[in-house]
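**Student:** Below: one structure in structure tokens.
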Amino acid sequence: MENLEKNPQILKKAKSRVNFKIHLMVYFLANILFWLFWKFIGGGGELPWPIFPTGAWAIVLIFHYLMVFYWNQKLVDREYERLIEKEVKKNSNKLKDE
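Just so you know, the sequence shown maps onto residues 426 to 523 in the numbering used here.
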């Protein structure tokens with residue numbers, strides 16, 4: 426596998442997915458610490474404060490997931506199609522001028 430030349434597009438996609446997985450692990454570990462801290466040190470009160478960072482961070486994580494696994498490819502495909510159409514129009518205008 427080391428002898429093969431790496432495809433830059435696949436490498437970029439792999440890095441994005443690995444970064445998302447790291448983000449997910451940090452989310453779980455940090456939130457476990459938040460809730461343990463609340464339970465054993467500052468637990469009590471009416472509303473548990475860790476619900477706010479857990480919820481807000483979950484929203485960010487959902488958008489990160491959508492960007493890595495769904496929107497990114499759609500946006501790339503759309504931009505690719507737009508550039509192809511632009512190139513075709515440019516070439517057809519050159520042919521008309523000749």
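Here a beta-carbon is modelled for each residue, glycine too, at the ideal position from N, C-alpha and C.
1) Would E452 pass as a contact of W474 if the rule is Cβ separation under 8 Å?
2) In three-state DSSP terms, what is N432?
3) Within 10 Å of its beta-carbon, does V493 have 16 or more other beta-carbons around it, so buried, or fewer, so exposed?
4) Return the Cβ separation of Y490 and F445 in integer angstroms, given the expectation that the two are a contact with Cβ distance under 8 Å.
5) Rounded to the nearest angstrom, what separates K511 and Q498 at their Cα positions?
6) Specify the secondary structure class of W460 as computed by DSSP and reduced to three states.
**Tutor:** Once the coordinates are examined:
1) By one-based count along the sequence shown, residue 452 stands at place 27. By one-based count along the sequence shown, residue 474 stands at place 49. The residue asked about is misnamed: residue 452 is Tyr in this sequence, not Glu. A distance of 8 Å or more separates the beta carbons of Y452 and W474.
2) Numbered from 1 along the sequence shown, position 7 holds the residue referred to as residue 432. Of the three classes helix, strand and coil, the one that applies to N432 here is coil, per DSSP.
3) Here residue 493 corresponds to residue number 68 of the sequence shown, with the count starting at 1. Looking at its Cβ environment, which holds 16 or more other Cβ atoms inside 10 Å, V493 is buried.
4) Residue numbering aside, residue 490 sits at position 65 when the sequence shown is read from its first letter. Residue numbering aside, residue 445 sits at position 20 when the sequence shown is read from its first letter. Contact between Y490 and F445 is confirmed by a C-beta separation of about 6 Å, below the 8 Å threshold.
5) Here residue 511 refers to the residue found at position 86 when the sequence shown is read from its first residue. Here residue 498 refers to the residue found at position 73 when the sequence shown is read from its first residue. C-alpha separation (whole angstroms): 20 Å.
6) On the sequence shown, position 35 is the one that residue 460 refers to. Looking at W460 - three-state DSSP - the assignment turns out to be helix.
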